[in-house]
Each structure stands twice: as C-alpha cells, then as structure tokens.
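Residue numbers (my numbering): 1 to 454.
We treat Cβ as the ideally placed atom computed from N, Cα and C, and that holds for glycine.
Contents: one structure, followed by commentary.
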Amino acid sequence: MTNLMEVQEENPSGMTPRQIVAELDKYIVGQADAKRAVAIALRNRMRQQRVDEEIREEIKPKNILMIGPTGVGKTEISRRLARLTTCPFVKVEATKFTEVGYVGRDVESMVRDLVDISIDMVREEEILRVEEEAERLVTDQIVDALLPLPDEDAEREESSQRTREKLREKLEAGELEERYIEITIEEQVVPHVEVFSQDGGDQMGIDMGDMLSGFLPPSRKKRRLRIREARPVLFDQVVDSLINMEDVRQEGLRVAEDLGIIFLDELDKVAAGGREETGGPGVSRQGVQRDLLPLLEGTTVRTRYGSVTTENVLFIAAGAFNMSKPSDLIPELQGRLPIRVELDSLTAADFRRILAEPKDALIRQYTALLATEGVTLQFEEDAVDTIAQLAYELNQTTENIGARRLTTVMERLMDEISFDADQRTGETFVIDEGYVREQLADIVENPDLSRYIL
Ligand SMILES: Nc1ncnc2c1ncn2[C@@H]1O[C@H](COP(=O)(O)OP(=O)(O)OP(=O)(O)O)[C@@H](O)[C@H]1O
Ligand SMILES: [Mg+2]
C-alpha cells in the first residue's frame, strides 16, 4: 500500500516552513504572518506523523483564523496552499451551509468531500504504481482482440507467436491506432433510485445507486472501438483489477483523518454581526456555527467509504470581519480557532509589487494575452507606479476592495489596446505615466463616475 509519508519526503508537503513561505511568496505579496502560520501548521501535520504514538494521540492540530479586509489575499493563500500540499485539501465557503434539518448542505458534507478527495489521491498513487503493468496487459488484450487465440497446432502457434510480436511492435509504434477491435466492456449497473432527500442524496452521504450497484453483477457488453478509443477503456478495467479497492478505502480514510485540511472561507458571513437573525427564509447562522463546533472539536462523520473522525483534521478559517467581529462568533467556536493571524491592508507600494511581481501578475497576464496578437506591451516603471497609486487612491475615496481594484483599473487601462489589438500586429505599445493618466483621466477627475464604472 502507498505510504503518503514516503511520497511526501520528495514531495512538496515535505517542504520546510521556510520553503512553503518562499513558494507562497511567488504569488502573494506581503502578509508574512499569515504565510508563516499556515506554513507552520502544514509542517506540523508532518511532524505529528513522526512522533511516538503515545504522544501523537495527544497532539491536536491548532486551527487557524485568518482575519483581514476584503481583497488582501486570504482566499488566494488558501488557493496556493492547496496546490502546494499533498495533503487532502478542501476549500469551502461557510455561507454554503445550512443548519442540520434545513434545506441545503449540512456542514458534514465538507468532511465527505475531504474523504472523496483523499480516496481519489490514494487511488491515483496506486494507479501510478501499477501503471506499467496495466499498460502491458492492455497491449496483450489488444493483441488478443486483433488476433484470435492460437489453436493447438504447434507449428501454427509458433507463427502466430511471431505475428503477435509484430503486432505488438506496431502497436507500440502507434501504427494501428485507427484499427477497429471488438472488446468486452464491463459496466457496473447503476440502478436509478430516487432518493427523497432535499439535495439529491447528498445529506445522507450515501449514494443509494452506488450502494446497490455493489450487489448487482456487472453487465458485459461487446463494443467495436478504434484501438485509440479502446485503450483508455481497457486501461481503466485493468487498473481496477490490479488495485485493491479495499486497501485504497482504508488508506484513504486514514489519510483524510490524519492529514486532511479544510479551508473554511467566509466564516465572518455566519457571524451574527450584532443582529440576531429572526426566522424568515434566512437560515439561522448561529445554527451553522453550532453545527461546526463538533467538527472542529472532533466528531465521527459517516461517509460512503466508512466513518472518519475529524479530531486531527486541520481547519483554516478566514473572514473579512468587516460587518462583524471574531467575537461575534459563538464563544465555543472562537475557542476552537486558537491561532489568529491578521492580514494587512494593502498599500500603494504593495499594489505596485502585486502588479508586476507574482507569477500570475496582471501585467504579465496582459502582456501574454496581447502577445498572441503580435502586439508587444512595454510597461514603464512610472506607469506601474501610477497605476498602483491611482488604484490605492480609488480604494480610499470609494470602496476599499483591496487588490481586486487593480483588476478593474487594468481592464480599463487596457481597454483601447485590447479592442484594437488585431489591427496593430507587429507594433510595440509603450505604456508610460502619460498614457495611464490619459486613459484613466475621466475616473481620476471624477470620483463619482469611478464609483459606477470601477
Ligand atoms: N497580497 C496579495 N498579493 C498578490 N495578489 C493579491 C494579494 N491580495 C489579493 N490579491 C489579488 O486579489 C484577488 C482577491 O484576493 P482574495 O480572493 O485573496 O481576497 P480575500 O482576502 O479572500 O477577500 P474577501 O474577504 O473579499 O474574500 C486575488 O485573486 C489576488 O489576485
Ligand atoms: Mg476570500
């Protein structure tokens, strides 16, 4: 069975906190405290796996609450973290959930999602392990389909053996991909079962169709397919026979329990914000918070793969908390998010860096987009300064929407060039301070206007 720890040795989750921060630095400007906190938490996942069993039981992950104004990088950090880690990771929005008993997704579904991801990960690992063997067996099957089994006659068998070798060579050289073969496709019959649950069976966490199909024999169908099309079908079938799904299930559950991370975004939106909810269609937010408590504390959740406890699942919550404060959360929930990190508002200097430095920086994006039309963009230093400064000022004079302001300002700045690019092939546009001021003049001079268009 795969051992995810081993995989992690060479893999990103084996990264040190310093390396994790360095990786996050490639995309997110500033916010050192938040990066540090998540890096430590991630590393602690791995440390915990290594301590003696006796103490390991006692060590629980320290859940994190990231607090900071809108558009400063909270969600972005989680997005990047998800790509860095080899731990099963789900990102959910607290606003998506409703109190148990109400119509909608209950909070336990996030744990079921985590388990699904975990099982997939472990299965992928296993597929990698058996890949070579599977490909060999697939080729065997294709050869069989091309050439009916040799009969008893020894002489003919020998010649057919040679033919098989030739076929195999041709197959490997990709020469026969368009040839048709007949293959047997095994299909699990998924009976159509109506489950009268408000959201299509999700609340039960058990897919009735899935469950019943286990009792029914698979149906076999003969189909004629091109070799190119048959290959992936056969591969899946062979892989299924090579992988022990029971091992995958157990390991998947273990990995979800021990290494799982749930990023709980928009937590502030379920805080009361001073106003108690009074009935109506809006489902009690406090109810959602109360439902979250046992998950963060450690509870057992039934999933279609089996039960998991959430005791060791790491929760990273985030929220802007502009309408409400962390202290508006019910006290028990506050207590279960012991590590607080604040993200800073972004300055004009930060904006300048965000425009140019990250791997996905807006300036890089526009340059790449227009390069496809043969148009070269050349951003002068003073232009970048001015864009950053204007975006910052707009945030002060209108709504502060953080770095999202840069997107709207850049789109407006690029409007003319973007529209005409196809007719300007081969040209180089130098974007300097003058051009920026000219393009953005109307909104700079008229903050009321900018309120509507930006
Ligand atoms: N510190 C940063 N460095 C680089 N880019 C950033 C930074 N902060 C925000 N951005 C950019 O702004 C966009 C919005 O940021 P993000 O989604 O992280 O906001 P948020 O803090 O989650 O806000 P909200 O509270 O509204 O959800 C991101 O897509 C990202 O490109
Ligand atoms: Mg966000």
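Check your understanding: Going by other Cβ atoms of all chains shown within 10 Å of its Cβ, with 16 needed for buried, is residue 327 buried or exposed?
Key -> exposed
What is the DSSP secondary structure of residue 84, reduced to helix, strand or coil?
helix
If you drop the 5 nearest sequence neighbours on each side, which residues of the same chain put their C-beta closer than 7 Å to that of residue 422? 373
Practice task
With residue 319 as the anchor, note down where its beta strand (DSSP E) starts and where it stops.
Solution key: 314-319
- Query: Is the Cβ-Cβ distance between residue 404 and residue 71 less than 7 Å?
  - Reply: yes
- Message: Between residue 76 and ligand 1, is there a pair consisting of the residue's CB and a ligand heavy atom that are separated by less than 6 Å?
- Response: yes
DSSP has residue 66 in a bridge; who is on the other side? 318 and 341
Self-check item: Beta-carbon proximity list for residue 310, same chain, < 7 Å, skipping 5 on both sides
Solution: 111, 295, 298, 299 and 301
**Sequence-distant residues of the same chain with beta carbon closer than 6 Å to residue 39, five excluded per side** = 17, 20 and 21
Open item on the list: Just to confirm my understanding: we take residue 96, look at its own chain, exclude 5 residues before and 5 after, and list those with CB closer than 7 Å. What are they?
Closed with: 105
Fill in: Alpha-carbon to alpha-carbon, residue 170 and residue 176
7 Å
Worksheet item: To the nearest angstrom, how far is it from the Cα of residue 27 to the Cα of residue 360?
Response: 7 Å
Taking the beta strand (DSSP E) that residue 220 belongs to, which residues open and close that run?
219-226
Problem set entry | Buried/exposed call for residue 219, threshold 16 Cβ in 10 Å | exposed
**Item:** Residue from 246, 260, 262 and 185 whose Cα sits closest to the Cα of residue 236
**Value:** 185
Closest by C-alpha distance to residue 369, when choosing among 425, 381 and 286: 425
Original post:
Mapping DSSP to helix, strand and coil, what is residue 304?
Top reply: coil
request  = Report buried or exposed for residue 15, applying the criterion of at least 16 other Cβ atoms within 10 angstroms of its Cβ.
outcome  = buried
Report all residues from its chain with a CB closer than 6 Å to the CB of residue 260; omit the five preceding and five following residues, and keep chain order.
88, 114 and 313
Within 7 Å, strictly: CB atoms of residue 180 and residue 253: no
Review point. For ligand 1, is there a heavy atom less than 6 Å away from the beta-carbon of residue 233?
Key: no
Rounded to whole angstroms, how far is the Cβ of residue 391 from the Cβ of residue 409, which I believe are closer than 8 Å? 5 Å
*Are there 16 or more other CB atoms within 10 angstroms of the CB of residue 271, so buried, or fewer, so exposed?*
buried
**Asked** What residue does the beta strand (DSSP E) around residue 265 start on, and which one ends it?
**Response** 261-265
Complete beta strand (DSSP E) runs within the segment 376-428 (minimum length 3 residues, chain order):
376-379
>> Following a CB-centred definition, is residue 230 positioned closer than 6 Å to any heavy atom of ligand 1?
In response: no
Please report the Cβ distance between residue 429 and residue 378, rounded to the nearest whole angstrom; I am assuming they are in contact, meaning their Cβ atoms lie under 8 Å. 7 Å
Worksheet entry | Bridge partner(s) assigned by DSSP for residue 97 | 105
Compute the minimum distance between the beta carbon of residue 347 and the heavy atoms of ligand 3, and state whether it is under 6 Å. With respect to small molecules bound, the structure shown includes ligand 1 and ligand 2 and not ligand 3.
Exercise. Would residue 37 be called buried (16 or more neighbouring beta carbons within 10 Å of its own) or exposed?
Worked result: buried
Original post:
Can residue 55 and residue 48 be called in contact, C-beta distance under 7 Å?
Top reply: no
| said: Given 6 Å as the limit, tell me if residue 29 has its C-beta closer than that to any heavy atom belonging to ligand 1. | reply: yes
* **Closest Cα partner of residue 125 within the set 99, 245 and 63** => 245
From the DSSP output, which residues share a beta bridge with residue 60? Its beta-bridge partners do not exist; DSSP assigns none.
| said: Taking the beta carbon of residue 265 as the centre, do at least 16 other beta carbons fall within 10 Å, making it buried, or is it exposed? | reply: buried
### Query
Just the Cα atoms here: how many angstroms apart are residue 434 and residue 444?
13 Å
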